[in-house]
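Everything on this sheet refers to the single structure shown next.
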Amino acid sequence: MGDLESEKHVKYIVSIEKKKDSFEALVMEHLRLNGAYWGLTTLDLLHKISAVDPEEVIPWVMKCYDEDCGGFGGNIGHDPHLLYTLSAVQILALFGRIEVLDVEKVSGYVAGLQNEDGSFAGDMWGEIDTRFSYCAICCLSILKRLDKINVGKAVDFIVSCKNLDGGFGSIPGGESHAGQIFCCVGALAIAGSLHHVDRDLLGWWLCERQCKDGGLNGRPEKLADVCYSWWVLSSLIMIDRVHWIDKNKLTNFILNCQDKENGGISDRPDNAVDVFHTYFGVAGLSLMEYPGLKTIDPAYALPVDVVNRIFFGK
Ligand code: FPP
Ligand code: ZN
């Protein structure tokens with residue numbers, strides 16, 4: 001097990017950027033703006049955002065912007081979607097450069113995706129999912145434009161996705177899933193509406209996600225996976241029930257998923273590493289106050305100092 005191999009993880013993330021011609025880069029191409037957010041946030045949590053040049057990153061992010069509609073695509077020339085628009089806004093927030101945006105235009109794009117029942121479509125094709133409610137609310141909050149949507153209806157829709165087990169699904173009646181629970185609890189936290197959550201009932205469901213190996217799974221009967229360290233722990237923190245899981249066992253599970261030679265973290269021990277699980281592993285450790293890491297905000301999924309700079313200018 002041992003310690004967090006911070007330096008190796010920094011090298012791994014920086015090397016991904018340089019591998020643009022590899023097969024891995026090709027198949028992940030549509031996820032590039034999300035991937036950049038995962039990698040850059042990991043570097044910042046490790047106090048190494050300085051390993052990348054903002055003058056390279058920001059112009060590339062802005063090339064993914066669709067001026068006509070105000071949204072961002074996953075890569076240059078790709079169709080805009082809320083998932084990528086949030087990543088773009090988060091990346092700009094990391095560098096303290098929100099001002100490069102036409103905030104009215106971007107927030108207009110996000111607000112335009114709200115439906116009459118308060119739900120959000122992910123893009124012009126209309127798929128509805130509580131993931132998109134989270135993306136919209138988080139994005140507009142960072143842009144300080146929550147007044148552009150009907151927040152009450154957005155909250156009502158999320159509440160309509162609450163299940164009898166205390167969890168939340170992607171649409172009304174959808175099965176409880178830890179990823180969707182993060183989205184719903186995070187959106188409710190940002191909207192100041194956590195009173196809709198039954199903290200004990202949901203806290204119980206979430207702490208039951210800890211498996212014998214110490215890792216967390218996303219639903220009953222599933223294997224533990226490092227990314228659920230984030231989805232489950234962040235939700236537990238927001239509802240003030242994080243003391244219901246065994247932090248030592250979870251820390252050991254995450255550290256066991258490191259590639260100790262070449263850096264990076266995988267979903268479970270001995271699997272291949274990727275930037276998604278590297279981010280969620282480091283973010284999970286940050287939520288558990290692992291020494292030497294910046295603290296991450298459980299609702300905004302950004303380092304706390306970045307969130308403070310957005311809202312308090314410090
Ligand atoms: C599990 O996905 C995760 C989710 C359903 C939540 C996704 C949340 C967002 C995209 C919002 C933005 C997130 C952040 C951190 C800013 P999966 O497809 O891996 O689920 P599976 O394990 O069931 O396959
Ligand atoms: Zn995973």
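Mapping of the sequence shown onto full-length UniProt numbering: residues 1 to 314, in sequence order.
Idealized CB from N, CA, C, for every residue including glycine.
Between residue i and the ligand FPP, is the CB less than 7 Å from at least one heavy atom?
{"i": "Ala88", "result": "no"}
{"i": "Leu43", "result": "no"}
{"i": "Cys183", "result": "yes"}
{"i": "Gln180", "result": "yes"}
{"i": "Leu83", "result": "yes"}
{"i": "Gly218", "result": "yes"}
{"i": "Cys69", "result": "no"}
{"i": "Arg131", "result": "yes"}
{"i": "Ala301", "result": "yes"}
{"i": "Trp231", "result": "yes"}
{"i": "Cys135", "result": "yes"}
Taking the straight line between their C-alpha atoms, what separation do you get for residue i and residue j?
{"i": "Lys8", "j": "Ala299", "result": "28 Å"}
{"i": "Trp231", "j": "Ala301", "result": "10 Å"}
{"i": "Ala187", "j": "Gly284", "result": "19 Å"}
{"i": "Ser229", "j": "Asn163", "result": "22 Å"}
{"i": "Leu33", "j": "Gly74", "result": "5 Å"}
{"i": "Val197", "j": "Ile171", "result": "17 Å"}
{"i": "Phe276", "j": "Asp68", "result": "30 Å"}
{"i": "Asp246", "j": "Arg97", "result": "38 Å"}
{"i": "Cys227", "j": "Ser266", "result": "9 Å"}
{"i": "Pro80", "j": "Asp200", "result": "38 Å"}
{"i": "Asn150", "j": "Glu175", "result": "26 Å"}
{"i": "Thr295", "j": "His78", "result": "33 Å"}
{"i": "Pro291", "j": "Asp3", "result": "10 Å"}
{"i": "Val14", "j": "Val282", "result": "15 Å"}
{"i": "Val61", "j": "Val89", "result": "9 Å"}
{"i": "Gly221", "j": "Val100", "result": "Sequence check: residue 221 is Glu here, not Gly. If I take the Cα positions, the gap works out to 46 Å."}
{"i": "Asp270", "j": "Glu5", "result": "16 Å"}
{"i": "Leu46", "j": "Thr278", "result": "12 Å"}
{"i": "Leu146", "j": "His195", "result": "19 Å"}
{"i": "Pro59", "j": "Gly313", "result": "24 Å"}
{"i": "Ala272", "j": "Ala51", "result": "24 Å"}
{"i": "Ile128", "j": "Val10", "result": "36 Å"}
{"i": "Asp225", "j": "Cys184", "result": "20 Å"}
{"i": "Lys105", "j": "Ser141", "result": "15 Å"}
Which same chain residues end up closer than 7 Å to residue i when comparing Cβ atoms and leaving out the 5 residues on each side of it in sequence?
{"i": "Val242", "result": "Leu233, Leu236"}
{"i": "Leu223", "result": "Asn217, Arg268"}
{"i": "Gly179", "result": "Gly218, Trp231"}
{"i": "Phe157", "result": "Asp117, Gly118, Ser119, Ser133"}
In the DSSP assignment, what are the bridge partners of residue i?
{"i": "Phe168", "result": "Lys162"}
{"i": "Ala121", "result": "Ile128"}
{"i": "Ile296", "result": "Pro303"}
{"i": "Pro80", "result": "Gly73"}
{"i": "Gln258", "result": "Ile265"}
{"i": "Trp216", "result": "Note that residue 216 is Leu in the sequence shown, not Trp. In DSSP, Leu216 forms a bridge with Gln210."}
{"i": "Asp66", "result": "Gly71"}
{"i": "Asp274", "result": "Ile265"}
{"i": "Gln114", "result": "Phe120"}
Kindly list the residues whose CB is nearer than 6 Å to the CB of residue i, restricted to its own chain and excluding five residues on each side of it in sequence; keep chain order.
{"i": "Gly214", "result": "Lys249, Leu250, Asn252, Phe253"}
{"i": "Glu289", "result": "none"}
{"i": "Val155", "result": "Ala191, Ser193"}
{"i": "Met210", "result": "Checking the sequence shown, residue 210 turns out to be Gln, not Met. Around Gln210: Leu216, Ile245."}
{"i": "Trp205", "result": "Asp165, Gly166, Gly167"}
{"i": "Val103", "result": "Leu143"}
{"i": "Gly122", "result": "His81, Leu82, Phe132"}
{"i": "Asp66", "result": "Pro80"}
{"i": "Ile49", "result": "Leu43"}
{"i": "residue 315", "result": "Given that the chain is displayed from residue 1 to residue 314, the structure contains no residue 315 and the question cannot be resolved."}
{"i": "Phe120", "result": "Leu113, Gln114, Phe132, Ser133, Ala136"}
{"i": "Gly70", "result": "Lys105, Val106, Gly108, Tyr109"}
Beta-carbon within less than 8 Å of residue i's beta-carbon, same chain only, minus the 5 sequence neighbours each way: which residues are those?
{"i": "Val57", "result": "Ala36, Leu40, Ile91, Phe95"}
{"i": "Gly152", "result": "Gly118"}
When you measure from the CB of residue i to every non-hydrogen atom of the ligand ZN, does any distance come out below 7 Å?
{"i": "Asp267", "result": "yes"}
{"i": "Cys227", "result": "yes"}
{"i": "His277", "result": "yes"}
Should residue i be listed as close to the ligand SAH, given that the test is whether its C-beta is under 7 Å from any heavy atom?
{"i": "His177", "result": "In the structure shown, the ligand SAH is absent; the only ligands present are the ligand FPP and the ligand ZN."}
>> Pairs of beta-carbons, one from the stretch 135–143 and one from the stretch 102–118, closer than 8 Å: are there three or more?
In response: yes
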